[in-house]
Amino acid sequence: MVLTYSSSKIIIKIKSFNLLEVSSGKKKSMKDYFSNIATVIMFICNHCPYVQHINNELIRLSNDFIPKGISFLAINSNDVNKYPEDSPENMKIIHDQLNYPFPYFFDETQDVARYYCAKCTPEFFIFYGNGNLCYHGQLDNSRPNNNIPITGSDVRNILKNILKGESISPTNHNKLSYGCNIKWKT
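In our numbering, each residue carries its 1-based index in the sequence shown increased by 574.
Shown next as structure tokens:
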């Protein structure tokens with residue numbers, strides 16, 4: 575594991591890709607899961623201890639906000655030849671075991687991670703319904719072994735403000751995430 579920080583400045587719009595959605599075993603368009611209120615795109619994987627540390631909060635957070643019209647999509651972009659625990663078959667096992675309430679996509683070509691400038695897992699991107707990025711960074715300040723409670727506060731607060739109709743400038747609210755690096759193909 576190489577400790578990696580997310581990018582500090584990203585200016586992108588939401589973009590759809592056709593990817594394998596592991597619970598169905600079919601290629602699906604990400605845009606079918608986008609919300610007209612807000613969409614949270616999370617880069618995660620199975621083996622990363624930083625993701626394992628927050629998995630329960632990811633489920634709580636999505637269960638809190640999906641009924642309010644906010645969508646969540648998880649993407650694994652890791653090279654499965656080097657990290658077979660992140661294979662689509664193993665992704666489906668984790669999806670089913672944890673009962674993820676969101677789709678879990680496999681980015682085999684790593685084009686999605688490149689487009690979004692994702693560098694680590696976990697890494698979060700929140701887009702308004704119009705497709706503009708309003709937050710990029712961490713879930714909260716909790717990390718394995720730092721004894722800070724897992725609350726999802728950074729993402730949670732942005733989503734609450736979106737639901738209140740507040741405008742959010744990504745330059746004022748981004749908080750770098752850090753965790754395992756994306757396992758790039760060579």
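Glycine residues also receive a C-beta, built at the ideal position from the N, C-alpha and C atoms.
Please read these numbers as outputs of a predicted model, since none were measured by experiment.
| message | Assuming Glu631 is part of the alpha helix (DSSP H), what are its boundary residues? | response | Start and end: 623-639.
| field | When Tyr689, Asp606, Ser597, Asp714 are compared against Pro675, the one with the closest alpha-carbon | value | Comparing Cα-Cα distances from Pro675 to each of Tyr689, Asp606, Ser597, Asp714, the minimum goes to Ser597.
| request: Please look up how many angstroms separate the CB atoms of Thr613 and Phe701, rounded, as I've assumed it's under 8 Å. | output: Between Thr613 and Phe701 the beta-carbon gap is near 5 Å, inside 8 Å, which marks them as a contact.
| task | Examine the Cβ distances between the segment 624-638 and the segment 586-603 and report whether three or more of them are shorter than 8 Å. | result | Contact fails: fewer than three Cβ-Cβ distances are below 8 Å.
| said: For Tyr607 and Ile588, what's the separation of their Cα atoms in angstroms? | reply: Rounded to the nearest whole angstrom, the C-alpha separation of Tyr607 and Ile588 is 12 Å.
| For the putative contact between Ala692 and Phe646, defined by C-beta atoms under 8 Å, what is the C-beta separation to the nearest angstrom? | Going by Cβ atoms, the distance from Ala692 to Phe646 rounds to 16 Å, so no, they are not a contact pair.
| message | Could you check if Ile742 belongs to the surroundings of the ligand HEM, using beta carbon to heavy atom distance under 6 Å? | response | As presented, the structure is devoid of all ligands, the ligand HEM included, so that no description of it is given.
| Since Leu672 sits in a beta bridge, which residues does DSSP pair it with? | Beta-bridge annotation (DSSP): Leu672 is not paired with any residue.
| task | Along the beta strand (DSSP E) that carries Ser603, what are the first and last residues, could you check? | result | Start and end: 600-603.
| Can you check whether the CB of Cys694 is closer than 7 Å to the CB of Asn731? | Contact flag unset, no.
| request: Per DSSP, which residues does Asn515 bridge with? Please list them. | output: Past the boundaries of the shown model lies residue 515; the chain is included only from 575 to 760, so the question cannot be answered.
| Applying the criterion that 16 or more other CB atoms from any shown protein chain within 10 Å of the CB defines a buried residue, is Lys601 buried or exposed? | Exposed: under 16 other Cβ atoms inside 10 Å.
| query | Excluding five sequence neighbours on each side, which residues of the same chain lie with their C-beta closer than 7 Å to the C-beta of Pro696? | reply | The answer, listed in chain order, is Met616, Phe617, Ile618, Tyr624, Val625, Ile628, Leu713, Ser751, Gly753.
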